[in-house]
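Let me begin by presenting the structure, written as structure tokens, before commenting on it.
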Amino acid sequence: MKYRKATFRDIEPIFRLVSGYATEGVMLARSRNTLYETLRDMIVAEAEDGSIVGVGGLHIIWDRLAEIRTMAVAPQMVRKGIGAEIVQRLLKEGDELGVEKYFTLTYKPGFFQKLGFVTITKEELPHKVWKECIDCPKFPNCDEIAMVKV
Numbered sequence: 001m002k003y004r005k006a007t008f009r010d011i012e013p014i015f016r017l018v019s020g021y022a023t024e025g026v027m028l029a030r031s032r033n034t035l036y037e038t039l040r041d042m043i044v045a046e047a048e049d050g051s052i053v054g055v056g057g058l059h060i061i062w063d064r065l066a067e068i069r070t071m072a073v074a075p076q077m078v079r080k081g082i083g084a085e086i087v088q089r090l091l092k093e094g095d096e097l098g099v100e101k102y103f104t105l106t107y108k109p110g111f112f113q114k115l116g117f118v119t120i121t122k123e124e125l126p127h128k129v130w131k132e133c134i135d136c137p138k139f140p141n142c143d144e145i146a147m148v149k150v
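Reading the sequence shown from the start, the letters are residues 1 to 150 in UniProt numbering.
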């Protein structure tokens, strides 16, 4: 497995991967436009055949605060450590930038709990976090679980 920063050629495979989970209701959809705008945030897992089998993003929100988001692993590749490796790489990248607090909004709290994240109420997150939520179809009735890692 090769882990690397995402490039333009990865947008369509990432879009298909994320859209599959969004259709199932276990992940928020991401438009192609959003994926292009956040391209530099993402790390992908590339299989030996060149296919993209995992993705995750580190999105800087505010002073020393970042979100782990757009986490997806191809269904046939789950439980092989790919998602955990992507998160570890994103955390390392954030640490190098000086991030002190990470959060995620997820439907899979067990995955993040194994990586040291703890569940909090959404109200405990800074208001700055919600600026992008206004465009979400689930706003203001977000049913994702908020988690943090300090």
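Built from N, CA and C at the ideal position, the CB exists for glycine as well.
Three-state secondary structure assigned by DSSP to residue i
i: residue 110; result: helix
i: residue 15; result: helix
i: residue 144; result: coil
i: residue 92; result: helix
i: residue 97; result: helix
i: residue 4; result: strand
i: residue 74; result: coil
i: residue 34; result: helix
i: residue 80; result: coil
i: residue 26; result: coil
i: residue 125; result: coil
i: residue 87; result: helix
i: residue 64; result: coil
i: residue 116; result: coil
i: residue 57; result: strand
Local Cβ density within 10 Å of residue i, reported as buried at 16 or more and exposed below that
i: residue 67; result: buried
i: residue 8; result: exposed
i: residue 30; result: buried
i: residue 121; result: exposed
i: residue 10; result: buried
i: residue 83; result: buried
i: residue 90; result: buried
i: residue 163; result: Since the displayed the chain opens at 1 and closes at 150, residue 163 lies outside it and no answer follows.
i: residue 32; result: exposed
i: residue 98; result: exposed
i: residue 56; result: buried
i: residue 4; result: exposed
i: residue 95; result: exposed
i: residue 16; result: exposed
Residues of its chain near residue i, where Cβ-Cβ distance is below 7 Å and the 5 sequence neighbours each way are ignored
i: residue 2; result: 46
i: residue 109; result: 119, 145, 147
i: residue 41; result: 57, 58, 59
Sequence-distant residues of its chain with Cβ nearer than 6 Å to residue i (five each side left out)
i: residue 150; result: 101
Determine, using beta-carbon pairs with one atom in the stretch 57–64 and one in the stretch 20–28, whether at least three such pairs fall under 8 Å.
no
Count the C-beta pairs between the stretch 69–77 and the stretch 38–55 that are closer than 8 Å, then say yes if the count reaches three, no if not.
yes
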